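Read the structure below first, then the notes.
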Amino acid sequence: MDFLDFGLDERLMKGIEAAGYVSCTPVQQQVIEASKKNEDNEKGPDLYVQSQTGTGKTAAYLVAAIAQMLKEKNAGKKCLILAPTRELAVQIEEEAKVLACETGLKAFSVYGGVGYEKQIANLKKGVDILIGTPGRIIDLLEGKNLELKDTGICVIDEADRMFDMGFYPDLRQILKELPEAEKRQTMLFSATLNSYVKNLAWEYTREPVEITIEAENITVSEIEQELLHVSSDEKMKLLLGILKHENPESVIIFSNTKRSCEVVAKRLQLNDIKAEFLIGDLPQPKRLQILKALKAGEVKCLVATDVAARGIDVDDLAMVINYDLPVEAENYVHRIGRTARAGKSGKAYTFCSEQDVYNLPAIERYIEMQIPATVAYPEQMEEDKSAGIYIKTENWHGDEKYDNRGGYKKGKNGDYHNKSNAKSYKKDYSEKKGKKNYKSSEKKGDSKKYKMPYIDPAKLEGLSSEERMKLYKELYAKGSLNNEKTNVQKPEGGKKNNNKTNKNYDKKNGKKKINKDYVKSGNKNNSSKKSKKNYKKYENVQKQPVVEQKKTLWQKVKAFFGR
148 MDFLDFGLDE
158 RLMKGIEAAG
168 YVSCTPVQQQ
178 VIEASKKNED
188 NEKGPDLYVQ
198 SQTGTGKTAA
208 YLVAAIAQML
218 KEKNAGKKCL
228 ILAPTRELAV
238 QIEEEAKVLA
248 CETGLKAFSV
258 YGGVGYEKQI
268 ANLKKGVDIL
278 IGTPGRIIDL
288 LEGKNLELKD
298 TGICVIDEAD
308 RMFDMGFYPD
318 LRQILKELPE
328 AEKRQTMLFS
338 ATLNSYVKNL
348 AWEYTREPVE
358 ITIEAENITV
368 SEIEQELLHV
378 SSDEKMKLLL
388 GILKHENPES
398 VIIFSNTKRS
408 CEVVAKRLQL
418 NDIKAEFLIG
428 DLPQPKRLQI
438 LKALKAGEVK
448 CLVATDVAAR
458 GIDVDDLAMV
468 INYDLPVEAE
478 NYVHRIGRTA
488 RAGKSGKAYT
498 FCSEQDVYNL
508 PAIERYIEMQ
518 IPATVAYPEQ
528 MEEDKSAGIY
538 IKTENWHGDE
548 KYDNRGGYKK
558 GKNGDYHNKS
568 NAKSYKKDYS
578 EKKGKKNYKS
588 SEKKGDSKKY
598 KMPYIDPAKL
608 EGLSSEERMK
618 LYKELYAKGS
628 LNNEKTNVQK
638 PEGGKKNNNK
648 TNKNYDKKNG
658 KKKINKDYVK
668 SGNKNNSSKK
678 SKKNYKKYEN
688 VQKQPVVEQK
698 KTLWQKVKAF
708 FGR
């Protein structure tokens, strides 16, 4: 169906043509149709829209919102669009400006990481479509630089994240500043909308219309998925092998933590692969610079977290690599959907190690299919030039929730990659006669590498999800037990330190017996003459009887009258 068939305002149609839109995607068609049903009412219907990434959700709610705002009865009504990330807010603003270019409506975005002055100045000039992140919206409200009383439409993009990632308290605070739910149109958009999110949103909506666009053709048919079983120590080798053998034009590598993103990107750079990392804690100018380079093709390889990747809109993304299995099953859909936008095909590799294999069953249940799996073989891997090199990272916060190792960190900076190859030494040296003696803290067991158990690919294909999980537990549990055995430290000298078997142990008093012969004779090598004299003085003091001191005459008189 084409946009012309909806009878939209001519000014809006000029913006749609400027954006290059002709035919509607399924989500755009259903959202516009739902919005036009209640044209006689003061507000449009509330919507819960679930649609896969890259299907045109942004254009769907922008066209619907602008169409409502151009009606005479809605003159002066504003639109507020909330987004979880700065990148997504900027992209929504760019698209809104194109669609509203002939309508006279002004669109502007506000977000953290930049100064307030420019944003406040633009707000004072008047903004009709305001896009922002929750934190900056609240700052502007508290500073009395923003009013939301005239808001007639509220759109919450990436609603699953907004109601689940710590944004919920901020979201409630913002929604309280808006007109009542009966007087505004509220629309929720996301690739995944579960019952938990809908229950939270129920308080702020009235009789919402649910629109669900099936994503089977995107997650299954359009994307070539492959799951590779690999040990955590060989992940980097496998990543290098895939990048060098297939040489994709553009690739996004997903990692669960901020530290891991920085480490993976820096290791790729050490292996002569130009890569950048994108995380939420980076300064806004740096983030925009990286995104601009990625879209221009200057950077082909980007390592990112799930949150930071929300809003990245890159046409013809050739490949997605899940360096870590996502902790939340819904994120798998968001990740691989980056490489098959608007019905295009793509490829997605997923690394599955002993650390994150337990996340796999939930993902396969969610997508209702078994991901084609195989075991990574040596021919797929390339030598890692960064092996054994410690990568220093910033002290990023908030990684524990999405860390498959339960928040495990190695040292302050958390470089846990290639830990079997990296040797740690403790400098235990004493300067004797100008010489330094170094003692290595490396144990014998540390040099033994954990070997990835072999799994027959043909056997995996014929197993159900439960049977595969049982097989993983058996194989990986054996590997972890072997590692524990090698790391057991024996007492020094291989002897037990048991006081009860010691001849010089006094069972009654629970103390060591003092060897009197040794004390009298002294140790010729260590004791000095002063120590002998001190011991003799102490011994004489013990043998001398206690003698009462004689009282003076004054003391006797004082004692007598004191009675």
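Under the working numbering, the sequence shown has 665 at position 518, and the numbering climbs by one with no breaks. Backbone N, C-alpha and C fix where the C-beta goes; we use that ideal spot for every residue, glycine too. Fair warning: this is a prediction, and the values are worked out from it, not measured in the lab.
Item	Value
Tell me whether Val-174 is buried or exposed, calling it buried when 16 or more other Cβ atoms sit within 10 Å of its Cβ.	buried
Using the rule of at least 16 other Cβ atoms within 10 Å of the residue's Cβ for burial, across every protein chain shown, is Met-148 buried or exposed?	exposed
So, helix, strand or coil for Cys-408, using DSSP?	helix
Give the single residue among Glu-501, Met-309, Arg-482 and Lys-296 whose Cα lies nearest to the Cα of Lys-323.	Lys-296
For my contact list, Arg-512 and Phe-401 are in at a C-beta cut-off of 8 Å; report their separation, rounded to the angstrom.	Not really, about 20 Å apart at Cβ, beyond 8 Å.
Would you call Asn-478 buried or exposed, if buried means 16 or more other Cβ atoms sit within 10 Å of its Cβ?	buried
What three-state label does DSSP hand Gln-502 in the structure shown?	coil
How far does the beta strand (DSSP E) with Ile-278 in it extend, from its first residue to its last?	276–279
Hey, Arg-485 and Ile-399: beta-carbon distance below 8 Å or not?	yes
Using a Cβ-Cβ cut-off of 7 Å (strictly less than) and excluding sequence neighbours within five positions of Ala-165, which residues of its own chain qualify?	Val-245 and Cys-248
Name, in chain order, the residues that DSSP records as bridge partners for Tyr-343.	Per DSSP, none; premise fails for Tyr-343.
For the alpha helix (DSSP H) containing Ile-514, name the first residue and the last one.	507–514
Quick one: what does DSSP say Asn-478 is sitting in, helix, strand or coil?	helix
Looking at C-alpha atoms only, which residue of Thr-250, Asp-503, Trp-701 and Val-274 is the closest neighbour of Ser-378?	Asp-503
In whole angstroms, give me the CA-to-CA distance for Glu-409 and Ala-495.	21 Å
Going by DSSP in three states, Ala-122 sits in which element: helix, strand or coil?	Outside the displayed range of the chain (148 to 710) lies residue 122, so it cannot be described from this structure.
Return helix, strand or coil for Asn-418, following the three-state DSSP convention.	coil
My assumption, with CB atoms under 8 Å, is that Ile-370 sits in contact with Gly-493. Please give the rounded CB distance.	5 Å
Which residues in the same chain have their Cβ closer than 8 Å to the Cβ of Leu-318, if we skip the five residues on either side of it in sequence?	Leu-229, Pro-281, Ile-303, Met-309 and Phe-310
Assign Gln-199 to one of three DSSP states: helix, strand, or coil.	coil
Compare the C-alpha of Lys-384 against each of Cys-171, Glu-157 and Glu-526 and name the closest.	Glu-526
Let me know the secondary structure DSSP gives Leu-429 once reduced to three states.	coil
Are the Cβ atoms of Lys-345 and Phe-498 separated by less than 8 Å?	no
Look at the alpha carbon of Lys-570 and the alpha carbon of Gly-535, and state the distance between them as a whole number of angstroms.	Low local confidence applies: a pLDDT of 39 at Lys-570 is under 50, so the model's placement there is unreliable, and no value is given.
Indicate, with yes or no, if the ligand GDP has a heavy atom lying under 7 Å from the CB of Val-704.	As presented, the structure is devoid of all ligands, the ligand GDP included, so that no description of it is given.
Do Gln-215 and Ile-358 come within 8 Å of each other at the CB atom, strictly closer than that value?	no
Report the option in Glu-475, Ala-451, Pro-395 and Gln-431 whose CA atom is closest to the CA atom of Gly-444.	Pro-395
Note the first and the last residue of the continuous alpha helix (DSSP H) segment covering Ile-321.	315–323
For Lys-330 and Leu-417, which I take to be in contact (beta-carbon distance under 8 Å), what is that distance rounded to the nearest angstrom?	With a Cβ gap of about 58 Å, Lys-330 and Leu-417 do not count as contacting.
Quick one, are the C-beta atoms of Ala-338 and Thr-200 less than 8 Å apart?	yes
Whether or not the segment 237–244 and the segment 259–272 are in contact is what I'm after, with contact meaning three or more pairs of Cβ atoms, one per stretch, closer than 8 Å; do they touch?	no
Beta-carbon separation of Trp-406 and Thr-540 under 8 Å?	Trp is not the amino acid found at residue 406; the sequence shown has Arg there. In this structure, Thr-540 lies closer than 8 Å to Arg-406 by Cβ.
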